[in-house]
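Trainee: This is the structure I have questions about; it appears just below.
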Amino acid sequence: MDDAGRQTGELARVKARIKARAEKTVSNGCTEAEAMAAAEMVGRLLERYALSMAEIDVREERCVQVEVALGGKQRRPIDGCVPAIARFCDCKVWLSRGPSGVGYTFFGFEPDTEMARYLLQVIDRAMRAETTLFKQGLTRAKGVALRKAGNSFEHGMANRIAERLEAMHAAREAAVAAQRTTGTALILVKHRVVDEAFRETGIRLVSASSLRRRINAAYRQGMAAGGRVNLDRPVRDRSRGLLR
Numbered sequence: 010m011d012d013a014g015r016q017t018g019e020l021a022r023v024k025a026r027i028k029a030r031a032e033k034t035v036s037n038g039c040t041e042a043e044a045m046a047a048a049e050m051v052g053r054l055l056e057r058y059a060l061s062m063a064e065i066d067v068r069e070e071r072c073v074q075v076e077v078a079l080g081g082k083q084r085r086p087i088d089g090c091v092p093a094i095a096r097f098c099d100c101k102v103w104l105s106r107g108p109s110g111v112g113y114t115f116f117g118f119e120p121d122t123e124m125a126r127y128l129l130q131v132i133d134r135a136m137r138a139e140t141t142l143f144k145q146g147l148t149r150a151k152g153v154a155l156r157k158a159g160n161s162f163e164h165g166m167a168n169r170i171a172e173r174l175e176a177m178h179a180a181r182e183a184a185v186a187a188q189r190t191t192g193t194a195l196i197l198v199k200h201r202v203v204d205e206a207f208r209e210t211g212i213r214l215v216s217a218s219s220l221r222r223r224i225n226a227a228y229r230q231g232m233a234a235g236g237r238v239n240l241d242r243p244v245r246d247r248s249r250g251l252l253r
């Protein structure tokens, strides 16, 4: 098999791994630590995907839209890390509202949008689980006070996760650029292809208004929850099937 054939085969294998990962079920017990371990795994897969592509692959890749419904009628603090998820996976993203409630639509190469969907679902479940644990520790807070504290905690957690995803994205692009002579040029071509395909859809993006957030003790605890995990740890099978 020639080099082109080997590269095509490797790209197909990486795509298959990305699709398989995106189709995995994430249980409601996912923790923030496991969410960031999932982000680490996604980054490795997307880096391998980028390193397997040639410019012709980039130009021929198909762009798709993937909608992820989060449920409920109102926006939530997780909004704070959705743009970072999109950039981490080289996608466009916008808020969408449908019969099932509020959600997000990702636009980009099919493997990237699949990973963005997977990562959003993992982080959503992690934030729910961590917030539940946080509220359980507030034995004296009730009603509105408890709801506000939980909201501040989620805002802090979403903000810290977003910061870490941005740093991981920058590190991945630097790694791709360093490992192949055309790395930086290929990244720019990919961004340009996605931008051009998006313009053809005629969709106009507008900046969403920021949700109000209260910088208080609960917010800082959320920041800590988003920053205390070890991102270098391997993704291991869990007895509860969280990230298998």
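When you line the sequence shown up against my numbering, it's residues 10 to 253, in that order. Here a beta-carbon is modelled for each residue, glycine too, at the ideal position from N, C-alpha and C. Being a predicted model, the structure only gives us computed values, none of them experimental.
1. Just how far apart, CA to CA, sit GLY51 and ALA154?
2. The ligand ATP and ILE94: does the residue's C-beta get closer than 7 Å to at least one heavy atom of that ligand?
3. Any chance the region 160 to 178 sits against the region 223 to 235, with 3 or more Cβ pairs inside 8 Å?
4. So, for LEU20: in the same chain, excluding its five sequence neighbours on each side, which residues have a beta-carbon less than 8 Å away from its beta-carbon?
5. Which of the three DSSP states is assigned to ARG201 in this structure?
6. Look up LYS28 in the DSSP assignment and say whether it is helix, strand or coil.
7. What's the call for GLU69, buried or exposed, on a 16-neighbour Cβ count within 10 Å?
8. Could you tell me if HIS200 is buried or exposed, where buried requires 16 or more neighbouring beta carbons within 10 angstroms of its beta carbon?
9. Quick one: measure Cβ to Cβ for GLY110 and GLY81, integer angstroms, because I've assumed they're closer than 8 Å.
10. Which ranges would you report for the beta strand (DSSP E) in the region 57 to 85 if only whole runs of at least 3 residues count?
11. Give me the Cα-Cα distance between ASN37 and VAL75, rounded to the nearest whole angstrom.
12. Less than 6 Å between C-beta atoms, sequence neighbours within five positions excluded: which residues of the same chain meet that for LYS101?
13. Going by DSSP, what residue range makes up the alpha helix (DSSP H) through THR114?
14. Less than 8 Å between the C-beta atoms of LEU147 and ALA48, yes or no?
Mentor: Considering the structure as presented:
1. The question names Gly, but residue 51 in the sequence shown is Val. Distance between the alpha carbons of VAL51 and ALA154 is about 37 Å.
2. As far as ligands go, the structure on display features none, and thus does not contain the ligand ATP.
3. Yes, since at least three Cβ pairs between the region 160 to 178 and the region 223 to 235 fall closer than 8 Å, the two stretches touch.
4. Cβ neighbours of LEU20 within its own chain (closer than 8 Å, five residues either side excluded): TYR58, SER61, MET62 and ASP66.
5. The answer is helix: DSSP assigns ARG201 an H, G or I state.
6. For LYS28, the secondary structure class from DSSP, reduced to helix, strand or coil, is helix.
7. It is exposed - the Cβ of GLU69 has fewer than 16 other Cβ atoms within 10 Å.
8. The residue in question, HIS200, is exposed, as its Cβ has fewer than 16 Cβ neighbours within 10 Å.
9. With a contact defined as Cβ atoms closer than 8 Å, GLY110 and GLY81 qualify at about 5 Å.
10. Unbroken beta strand (DSSP E) stretches of 3 residues or longer found wholly inside the region 57 to 85: 72 to 78, given in chain order.
11. Confidence is the limiting factor: at ASN37 the pLDDT is only 49, short of 50, which leaves the residue's position unreliable, though a coordinate-based value still follows. Each residue's CA atom was taken as its position, placing ASN37 and VAL75 some 22 Å apart.
12. These residues qualify, in order along the chain: PHE116 and PHE207.
13. It is not in any alpha helix (DSSP H) - THR114 instead sits in the beta strand (DSSP E) that spans 110 to 118.
14. When the beta-carbon positions are compared, LEU147 and ALA48 stay at least 8 Å from each other.
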